[in-house]
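Enquirer: Counting from 5, one number per residue, gives the positions in the sequence shown under our numbering. Backbone N, C-alpha and C fix where the C-beta goes; we use that ideal spot for every residue, glycine too. As the structure is a computational prediction, the values presented were derived from the model and not from experiment. The structure is given below, and queries will be raised subsequently.
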Amino acid sequence: MRKLILLTLCLSLLSLSLYAESNIVPMEKLREIAHRNAESLWGDVHPAEAIPYYSVDDEIVAYAFNYAIDKGFPDKQSLIDECESKATDMNKYAR
Numbered sequence: 005m006r007k008l009i010l011l012t013l014c015l016s017l018l019s020l021s022l023y024a025e026s027n028i029v030p031m032e033k034l035r036e037i038a039h040r041n042a043e044s045l046w047g048d049v050h051p052a053e054a055i056p057y058y059s060v061d062d063e064i065v066a067y068a069f070n071y072a073i074d075k076g077f078p079d080k081q082s083l084i085d086e087c088e089s090k091a092t093d094m095n096k097y098a099r
């Protein structure tokens with residue numbers, strides 16, 4: 005009787021784990037959840053691009069969602085221009 009219960013439990017856990025691995029949450033739903041949580045914590049927030057985290061098998065396993073509070077992130081080109089201007093100024097501490 006114990007073996008039957010243990011076997012049933014193991015098989016049910018195995019089937020649940022296979023089911024859980026096959027359900028991938030859509031990216032839009034992840035963004036929505038992250039944005040809702042960020043707004044509830046910090047109020048006026050502006051999202052950046054999500055950063056994917058990879059496993060050793062080169063599969064995406066998680067995302068990091070970054071937010072700016074009260075004002076948006078600067079665009080990519082203005083950041084590049086600012087870095088280049090600081091580099092030409094030869095001021096290594098301003099980079």
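Considering only residues of the stretch 16-86, which uninterrupted beta strand (DSSP E) runs meet the minimum length of 3 residues and lie entirely inside it, listed in chain order?
Expert: Runs found: 49-51, 55-58, 64-68 and 71-73.
Enquirer: Quick one: Cα of S59 to Cα of A42, how far?
Expert: C-alpha separation (whole angstroms): 26 Å.
Enquirer: Can you tell which of Y67, G47 and D62 has its C-alpha closest to the C-alpha of I55?
Expert: Cα-wise, what sits closest to I55 is Y67.
Enquirer: Classify V65: buried if its beta carbon has 16 or more other beta carbons within 10 angstroms, exposed otherwise.
Expert: V65 should be labelled exposed.
Enquirer: In angstroms, rounded to a whole number, what distance separates the CA positions of F69 and E53?
Expert: Using only the alpha carbons, I get a separation of about 7 Å.
Enquirer: Taking all protein chains shown into account, do 16 or more other C-beta atoms lie within 10 angstroms of the C-beta of L49, making it buried, or fewer, making it exposed?
Expert: The residue you asked about is not Leu; residue 49 is Val in the sequence shown. So V49 counts as buried.
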